[in-house]
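**Q**
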Amino acid sequence: MEQLELPSIDYAALLPMLILFGAACVGVILEIVVPRKVRNGIQLGLSLLAVVAALVAVVVERGTRTITIGGAVAVDGPTLFLQGSILVLGGVSLLLIGERTVEKGGAFVSQAAITVGSKKDMEQASGQPGSTEVYPLTTFALGGMLLFVAANDLLTMFVALEVFSLPLYLLCALARRRRLLSQEAALKYFLLGSYASAFFLFGVAFIYGFAGGIQLDKVHAAVANPTQSQVLLYAGFGLLAIGLLFKAALAPFHVWTPDVYQGAPTPVTAFMAACTKVAAFGALLRVLYVAFEGVRWDFQPVLGTIAVLTMFVGAVLAVTQTDLKRLLAYSSIANAGYLMVGVLALNDEGLSSTMFYLVAYGFSVLAAFAILSLVRDADGEATHLSRWAGIGRKSPLLAATFTFVLLAFAGIPLTSGFTSKFAVFGAAVEGGQTWLVIFGVITSMLLAFPYLRVVVLMWLSEPGESTPAVSIPGFLTSAVLGIGVLVTLGLGVAPSPLIDLTRQAADFVR
Amino acid sequence: MSDFPFLSILTLLPLVGAAVVAFIPRSKAELAKLVALVWSLVVLALSIFMWAAFAVDGDRFQFHESYPWIPAWGANFTFAADGIALVMLMLIAILFPVVILASWHDVDQSKRSAPAYFALLLTFEFTMIGVFAAADVFLFYVFFEVMLIPMYFIIGSFGSGQKQYAAVKFFLYSLVGGLFMLAAVIGLWVVGGRTFDFAELAQGAGSLDTNTARWLFLGFFVAFAIKAPFFPFHTWLPDSGGAAPAGAAALLVGVMDKVGTFGILRYCLSLFPEASRWFAPAALTLAVIGIIYAALLAVGQNDLKRLVSYTSIAHFGFIGIGIFAFTTQAGTGAVLYMVNHGLATGLLFIVVGMFVARRGSALVSDFGGAGKLVPVLAGVLFFAGLASLALPGTAPFVSEFLVLIGTFSTHKGFAVVATLGIILAAAYVLWMIQRTTQGTLNPALTEVPAMSKDITLREKVVVAPLIALLLVLGFYPKPVTDVINPAVQATLQDVGTTDPAPTAVADGKVGG
Numbered sequence: 107m108e109q110l111e112l113p114s115i116d117y118a119a120l121l122p123m124l125i126l127f128g129a130a131c132v133g134v135i136l137e138i139v140v141p142r143k144v145r146n147g148i149q150l151g152l153s154l155l156a157v158v159a160a161l162v163a164v165v166v167e168r169g170t171r172t173i174t175i176g177g178a179v180a181v182d183g184p185t186l187f188l189q190g191s192i193l194v195l196g197g198v199s200l201l202l203i204g205e206r207t208v209e210k211g212g213a214f215v216s217q218a219a220i221t222v223g224s225k226k227d228m229e230q231a232s233g234q235p236g237s238t239e240v241y242p243l244t245t246f247a248l249g250g251m252l253l254f255v256a257a258n259d260l261l262t263m264f265v266a267l268e269v270f271s272l273p274l275y276l277l278c279a280l281a282r283r284r285r286l287l288s289q290e291a292a293l294k295y296f297l298l299g300s301y302a303s304a305f306f307l308f309g310v311a312f313i314y315g316f317a318g319g320i321q322l323d324k325v326h327a328a329v330a331n332p333t334q335s336q337v338l339l340y341a342g343f344g345l346l347a348i349g350l351l352f353k354a355a356l357a358p359f360h361v362w363t364p365d366v367y368q369g370a371p372t373p374v375t376a377f378m379a380a381c382t383k384v385a386a387f388g389a390l391l392r393v394l395y396v397a398f399e400g401v402r403w404d405f406q407p408v409l410g411t412i413a414v415l416t417m418f419v420g421a422v423l424a425v426t427q428t429d430l431k432r433l434l435a436y437s438s439i440a441n442a443g444y445l446m447v448g449v450l451a452l453n454d455e456g457l458s459s460t461m462f463y464l465v466a467y468g469f470s471v472l473a474a475f476a477i478l479s480l481v482r483d484a485d486g487e488a489t490h491l492s493r494w495a496g497i498g499r500k501s502p503l504l505a506a507t508f509t510f511v512l513l514a515f516a517g518i519p520l521t522s523g524f525t526s527k528f529a530v531f532g533a534a535v536e537g538g539q540t541w542l543v544i545f546g547v548i549t550s551m552l553l554a555f556p557y558l559r560v561v562v563l564m565w566l567s568e569p570g571e572s573t574p575a576v577s578i579p580g581f582l583t584s585a586v587l588g589i590g591v592l593v594t595l596g597l598g599v600a601p602s603p604l605i606d607l608t609r610q611a612a613d614f615v616r
Numbered sequence: 107m108s109d110f111p112f113l114s115i116l117t118l119l120p121l122v123g124a125a126v127v128a129f130i131p132r133s134k135a136e137l138a139k140l141v142a143l144v145w146s147l148v149v150l151a152l153s154i155f156m157w158a159a160f161a162v163d164g165d166r167f168q169f170h171e172s173y174p175w176i177p178a179w180g181a182n183f184t185f186a187a188d189g190i191a192l193v194m195l196m197l198i199a200i201l202f203p204v205v206i207l208a209s210w211h212d213v214d215q216s217k218r219s220a221p222a223y224f225a226l227l228l229t230f231e232f233t234m235i236g237v238f239a240a241a242d243v244f245l246f247y248v249f250f251e252v253m254l255i256p257m258y259f260i261i262g263s264f265g266s267g268q269k270q271y272a273a274v275k276f277f278l279y280s281l282v283g284g285l286f287m288l289a290a291v292i293g294l295w296v297v298g299g300r301t302f303d304f305a306e307l308a309q310g311a312g313s314l315d316t317n318t319a320r321w322l323f324l325g326f327f328v329a330f331a332i333k334a335p336f337f338p339f340h341t342w343l344p345d346s347g348g349a350a351p352a353g354a355a356a357l358l359v360g361v362m363d364k365v366g367t368f369g370i371l372r373y374c375l376s377l378f379p380e381a382s383r384w385f386a387p388a389a390l391t392l393a394v395i396g397i398i399y400a401a402l403l404a405v406g407q408n409d410l411k412r413l414v415s416y417t418s419i420a421h422f423g424f425i426g427i428g429i430f431a432f433t434t435q436a437g438t439g440a441v442l443y444m445v446n447h448g449l450a451t452g453l454l455f456i457v458v459g460m461f462v463a464r465r466g467s468a469l470v471s472d473f474g475g476a477g478k479l480v481p482v483l484a485g486v487l488f489f490a491g492l493a494s495l496a497l498p499g500t501a502p503f504v505s506e507f508l509v510l511i512g513t514f515s516t517h518k519g520f521a522v523v524a525t526l527g528i529i530l531a532a533a534y535v536l537w538m539i540q541r542t543t544q545g546t547l548n549p550a551l552t553e554v555p556a557m558s559k560d561i562t563l564r565e566k567v568v569v570a571p572l573i574a575l576l577l578v579l580g581f582y583p584k585p586v587t588d589v590i591n592p593a594v595q596a597t598l599q600d601v602g603t604t605d606p607a608p609t610a611v612a613d614g615k616v617g618g
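Just so you know, the protein sequences line up as chains A and B, in that order. The first sequence begins at 107 in the numbering used here and counts up one residue at a time. The second sequence begins at 107 in the numbering used here and counts up one residue at a time.
Next comes the structure, spelled out in structure tokens:
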């Protein structure tokens with residue numbers, strides 16, 4: 107009988123994930139032992155501390171190129187860059203999740219049995235700062251995302267996918283207001299997400315049959331010198347791709363996005379739009395670049411068609427939206443299409459520009475949702491477009507900030523939206539994918555219209571009686587807004603440092 | 107030659123001014139206006155110094171400055187001006203103080219903030235100077251897009267009539283063009299060896315693949331044709347010109363639209379010479395159609411501001427044939443036309459604005475016999491009209507004449523049809539003047555108290571420099587043509603065309 111050999115474990119390389127999972131477990135215990143009154147501060151502090159510690163661990167590890175625990179985890183330039191991005195964006199999202207002053211009791215429900223706005227609810231809201239389970243859940247999700255972008259075999263990738271998805275399903279259901287919508291969103295997300303996971307797992311099985319292993323380098327070798335039927339490869343790759351495209355919200359696997367984005371508590375929506383996107387595209391990049399690079403001529407046209415479809419679906423449907431959260435959801439779908447354009451360049455430039463885009467978009471979208479959480483009336487957030495009429499007259503600063511973010515989404519120069527679009531389009535032209543760029547440009551034109559409509563509404567329309575009041579942002583939300591806007595401007599005016607960083611990082615270990 | 111960094115300072119100066127004006131509280135509107143005016147005059151003074159420092163017989167590009175921006179992409183803050191850019195910068199520097207003074211009371215009655223309006227004007231000046239001063243394609247593109255934002259808010263927030271519709275239409279049209287150009291810029295960057303430097307790209311222009319170059323040309327050309335605007339991309343201009351405040355409309359057609367023709371001259375011609383020659387017949391046809399079509403529409407307009415916008419489209423047709431005729435005379439004429447049109451149409455828009463401000467309406471039918479109430483103002487309108495129909499003795503005549511003889515020597519047919527445009531110009535200008543200021547007095551006018559107030563001192567100060575320049579350049583255009591001519595010749599050299607041998611049509615009489 108063969109001797110079982112214990113794989114060597116590079117703990118330093120795994121440290122960021124270990125820190126987050128450890129902190130999340132501690133957070134669960136704290137839920138039990140710490141009294142409700144002080145729990146919020148402690149939990150928020152703990153999760154932020156964990157994120158910062160993990161970030162430090164990532165920074166310390168820079169330059170590492172290693173594959174550890176028996177080929178399950180690869181720590182290389184893209185891994186570390188994406189982990190760093192997820193941690194920074196996740197830390198900023200945590201600030202938004204931790205905001206408790208904009209609405210009494212925060213954005214999350216603590217006892218679903220109590221009707222919103224009832225006397226009991228008010229008492230509860232003033233007595234305790236809302237639900238605190240969100241912090242360990244978020245920390246678990248972050249840990250899962252870190253593992254997802256580092257996974258070097260398909261099963262580890264699947265496990266990571268589940269680890270970060272399950273907390274997200276729960277987080278979606280925790281809205282304090284519009285609970286039915288929130289629960290519906292969570293259920294939809296869960297059911298469709300489970301389907302997607304099943305597809306993914308099925309794909310892994312096919313790939314195992316094809317390559318005789320699930321590690322990405324083994325798949326790469328098998329693709330280069332196939333010993334099994336190509337049908338296994340294509341079936342496996344297709345199913346695998348469905349699972350990944352679902353998380354990245356590419357058409358036709360995008361249908362959950364608007365409902366979930368709308369129903370989820372806004373801080374969670376921001377978290378998903380920023381961090382889940384990084385994680386999903388990080389894994390997609392690794393799978394395509396490391397494992398399936400050999401069949402690029404086969405999947406490039408198919409995924410290219412999907413990218414074009416995504417851009418069109420996102421842009422065209424964004425035009426018809428009347429709810430801001432749904433509008434931003436469709437805009438995020440279109441942005442997934444642009445990201446895919448960068449991914450399909452399939453060269454170093456494509457890898458670095460996609461990573462640049464992910465960071466740039468993440469910060470802008472966090473700022474956008476932070477603003478959304480501020481405009482509210484007695485029923486919570488007022489996200490219907492008509493309610494925003496003339497808001498520029500009432501709160502010029504807020505409207506100016508939102509205008510800036512929308513211009514960034516529209517890709518106007520001097521914002522990160524322009525530099526990141528330029529980066530992915532440039533990479534795609536270089537990679538011989540000019541047709542994708544042309545469709546990208548055309549959809550950008552379409553997409554400018556809904557953004558512009560919001561700008562017109564905010565500035566050029568007269569304020570109606572139903573224009574809601576704008577809450578004074580608490581310290582945490584202000585911080586998120588400030589960071590988001592500054593980064594959006596900074597990456598638009600002086601993108602060089604981040605471009606250089608992404609270029610240095612753009613080298614997968616195989 | 108001077109080492110003083112004229113162009114970067116000239117570009118940044120209005121931006122700083124805009125920031126200063128924006129922070130002046132609403133209650134001190136007069137102070138904001140004054141600061142904006144003084145600031146724009148400082149820019150004018152600096153431009154005059156720059157003009158003086160420009161060596162007419164020196165290099166094509168002068169005042170070259172370059173600072174690294176995004177090394178990974180080869181994008182730099184590179185500024186340089188040739189003769190064409192120099193005269194445009196001068197036009198900008200002259201028009202802005204005039205327009206600021208002309209817009210003095212534009213915002214007073216509205217609920218909007220006056221400091222914001224003047225800050226937007228200065229921001230707009232920043233983007234305008236930047237777009238003409240840039241010698242890096244990336245930098246040019248950035249300014250090309252960013253300039254939409256101040257103008258969008260000027261039209262949308264401070265305009266009249268269907269201002270929201272006009273502002274959105276303006277923004278979307280320009281953005282569509284800009285995005286086509288973005289695709290072309292990226293393509294050019296990739297095939298041109300990952301550089302944005304204009305000089306380097308122009309040098310490598312000959313080695314581009316013919317087909318690629320034609321597509322890239324088209325990307326740039328569509329953006330510029332929308333901006334200029336050329337027929338059939340023109341429909342946004344009458345809406346924007348009609349809705350914008352008169353001063354801003356003067357800038358819109360006087361300066362901003364020149365970015366289109368300037369872009370064609372600088373970027374399309376020099377970077378894609380073969381494609382330019384290949385597309386020239388099509389471009390000439392569009393330009394000539396534009397001359398006739400827009401002139402006919404102008405004749406039928408009842409709204410003064412829309413009428414002036416249409417005349418402007420017709421004039422851009424003349425500039426277009428001047429550019430694509432590929433002779434030095436026509437090219438020089440086209441650039442001179444860009445300057446003169448800025449002055450003449452700027453003046454026309456500003457004077458029309460004075461009428462509209464008094465009457466509270468821009469409809470021709472609301473006027474009639476206004477000359478009896480405001481004789482001097484009516485006289486200024488008459489002069490502005492004559493200048494814009496290119497009466498000999500006014501500056502536009504020189505440029506229109508140069509364009510037509512220059513075109514005639516290579517493209518007789520186009521020149522002949524374009525000449526019809528002159529007759530139509532006389533029709534729309536004279537008929538408009540007859541219906542507004544001549545004839546029997548419209549009794550409704552006497553009921554408007556403001557209509558009895560003739561030109562004020564401020565308005566005299568506004569129109570005087572423009573009238574003076576139009577007359578001086580009408581009789582003695584040499585200082586300007588001397589600056590333009592070498593740059594046009596260099597551009598045509600890039601295109602690879604030579605002037606036809608001199609014929610009986612006197613060559614070298616004008617323009618030297």
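Quick reminder that beta carbons are idealized off the backbone N, C-alpha and C, glycines included. The structure displayed is predicted, hence computed values, not measured ones.
When the Cα of L357 of chain B is compared with those of B:P177, B:V586 and B:M194, which residue comes out closest?
**A** As a first step, residue 357 of chain B must be located in the second sequence, where it is residue number 251. The shortest C-alpha separation from L357 of chain B is found at B:M194.
**Q** Among the candidates A:Q336, A:C278, A:I348 and A:V337, whose CA atom is the shortest distance from the CA of L307 of chain A?
**A** On the first sequence, residue 307 of chain A is found 201 positions in, with the first residue counted as 1. Ranking the options by Cα distance to L307 of chain A, first place goes to A:I348.
**Q** Could you check which residue in B:P344, B:A331 and B:L392 has the C-alpha nearest to that of V365 of chain B?
**A** As a first step, residue 365 of chain B must be located in the second sequence, where it is residue number 259. Closest option to V365 of chain B, Cα to Cα, is B:A331.
**Q** Residues bridged to F214 of chain A by DSSP?
**A** Position 108 of the first sequence, counting from 1, holds the residue named residue 214 of chain A. Paired residues: A:A281.
**Q** Measuring only between beta-carbons, confirm whether D48 of chain A sits less than 9 angstroms from chain B.
**A** This structure cannot speak to residue 48 of chain A, because chain A is shown only from 107 to 616.
**Q** By alpha-carbon positions, which one of B:W179, B:T451 and B:P502 ends up nearest to V578 of chain B?
**A** For the purposes of this step, residue 578 of chain B is identified with residue 472 of the second sequence, where counting begins at 1. Closest by alpha carbon: B:P502.
**Q** Here's a check: name, in chain order, each residue in its chain whose Cβ is nearer than 8 angstroms to the Cβ of I320 of chain A, leaving out the five neighbours to either side.
**A** If you number the first sequence from 1, residue 320 of chain A lands on position 214. So the qualifying residues of the chain are D259, L260, L261, V310, I313 and Y314.
**Q** Taking 8 angstroms as the cut-off, does the stretch 412 to 422 of chain A touch the stretch 531 to 551 of chain A (at least 3 CB pairs, one atom from each stretch)?
**A** Short answer: they touch.
**Q** Please classify A313 of chain B as buried or exposed, where buried requires at least 16 neighbouring CB atoms within 10 angstroms.
**A** Within the second sequence, the letter at position 207 stands for residue 313 of chain B. Just to set this straight, residue 313 of chain B is Ser in the shown sequence, not Ala. Per the 10 Å Cβ criterion, exposed.
**Q** At a CB-CB cut-off below 7 angstroms, which residues of chain B make contact with S550 of chain A?
**A** As a working mapping, residue 550 of chain A is identified with position 444 in the first sequence. The contacting residues are L285.
**Q** Of the residues A:R392, A:V593, A:F515 and A:K226, which one's Cα is nearest the Cα of S438 of chain A?
**A** Within the first sequence, residue 438 of chain A is the residue found at index 332, counting from 1. With distances taken between Cα atoms, S438 of chain A lies closest to A:F515.
**Q** In chain order, what are the residue ranges of uninterrupted alpha helix (DSSP H) at least 4 long that sit wholly in the stretch 505 to 573 of chain A?
**A** For the stretch 505 to 573 of chain A, whole alpha helix (DSSP H) runs of length 4 or above, ordered along the chain, are 522 to 536 and 540 to 565.
**Q** Any Cβ of chain A within less than 9 angstroms of the Cβ of A329 of chain B?
**A** By 1-based counting over the second sequence, the position of residue 329 of chain B is 223. For A329 of chain B, the answer is no, since every Cβ of chain A falls outside 9 angstroms of its Cβ.
**Q** Got a sec: is the Cβ-Cβ distance from A600 of chain A to anything in chain B below 9 angstroms?
**A** As a position in the first sequence, residue 600 of chain A is number 494, starting the count at 1. Interface residue, yes.
**Q** Check whether the stretch 373 to 380 of chain B touches the stretch 599 to 608 of chain B, taking contact to mean three or more Cβ pairs, one atom from each stretch, closer than 8 angstroms.
**A** With a cut-off of 8 angstroms, the stretch 599 to 608 of chain B and the stretch 373 to 380 of chain B count as touching, because enough Cβ pairs lie within range.
**Q** Where do the ends of the alpha helix (DSSP H) carrying W321 of chain B lie?
**A** Here residue 321 of chain B refers to the residue found at position 215 when the second sequence is read from its first residue. T316 to K333 is the extent of the alpha helix (DSSP H) around W321 of chain B.
**Q** Along the alpha helix (DSSP H) that carries W403 of chain A, what are the first and last residues, could you check?
**A** Translated into positions along the first sequence, residue 403 of chain A becomes position 297. That run of the alpha helix (DSSP H) goes R402 to T426.
**Q** With respect to the beta strand (DSSP E) encompassing T172 of chain A, which residues constitute its N-terminal and C-terminal limits?
**A** Here residue 172 of chain A refers to the residue found at position 66 of the first sequence. Looking at the DSSP string, the run of the beta strand (DSSP E) that includes T172 of chain A is T172 to T174.
**Q** Return no unless some Cβ of chain A is closer than 9 angstroms to the Cβ of I573 of chain B.
**A** The residue given as residue 573 of chain B occupies position 467 in the second sequence. Not closer than 9 angstroms to any Cβ of chain A, the Cβ of I573 of chain B fails to qualify, so no.
**Q** Name the chain A residues that come within less than 8 angstroms of Y247 of chain B, Cβ to Cβ?
**A** Start at 1 with the first residue of the second sequence, and residue 247 of chain B comes out as number 141. In chain order: P519.
**Q** Tell me, which residues are paired with P174 of chain B by DSSP?
**A** By one-based count along the second sequence, residue 174 of chain B stands at place 68. B:N182, per the DSSP bridge assignment.
**Q** Which whole-angstrom value is the C-beta distance of V547 of chain A and F286 of chain B, which I expect to be below 8 angstroms?
**A** For the purposes of this step, residue 547 of chain A is taken as residue 441 along the first sequence, with counting starting at 1. For the purposes of this step, residue 286 of chain B is taken as residue 180 along the second sequence, with counting starting at 1. Contact flag correct, Cβ pair sits at about 7 angstroms.
**Q** Applying the criterion that 16 or more other CB atoms from any shown protein chain within 10 Å of the CB defines a buried residue, is D163 of chain B buried or exposed?
**A** For this step, residue 163 of chain B is matched to residue 57 along the second sequence. Exposed is the call here.
**Q** Return the first residue and the last residue of the alpha helix (DSSP H) that V405 of chain B is part of.
**A** Taking the second sequence and counting its residues from 1, the one referred to as residue 405 of chain B is at position 299. From DSSP, the alpha helix (DSSP H) with V405 of chain B extends over P379 to V405.
**Q** By the criterion of Cβ-Cβ separation under 9 angstroms, what are the contact partners of R171 of chain A in chain B?
**A** For the purposes of this step, residue 171 of chain A is identified with residue 65 of the first sequence, where counting begins at 1. Correct list: empty, because the minimum Cβ distance to chain B is about 22 angstroms.
**Q** Let's test the definition: count the other Cβ atoms within 10 Å of the Cβ of G617 of chain B and tell me whether it reaches 16, buried, or not, exposed.
**A** Position 511 of the second sequence holds residue 617 of chain B. Low per-residue confidence applies at G617 of chain B: pLDDT is 41, beneath 50, and the placement is therefore not dependable enough to give any value.
**Q** Would you tell me roughly how many angstroms separate the C-alpha atoms of L464 of chain A and A178 of chain B, rounded to the nearest one?
**A** Numbered from 1 along the first sequence, position 358 holds the residue referred to as residue 464 of chain A. Numbered from 1 along the second sequence, position 72 holds the residue referred to as residue 178 of chain B. Going from the Cα of L464 of chain A to the Cα of A178 of chain B covers about 18 angstroms.
**Q** List the residues of chain B that L566 of chain A touches, going by C-beta distances under 8 angstroms, in chain order.
**A** Taking the first sequence and counting its residues from 1, one reaches residue 566 of chain A at position 460. G262, S263, K269, Q270 and A273, listed in chain order.
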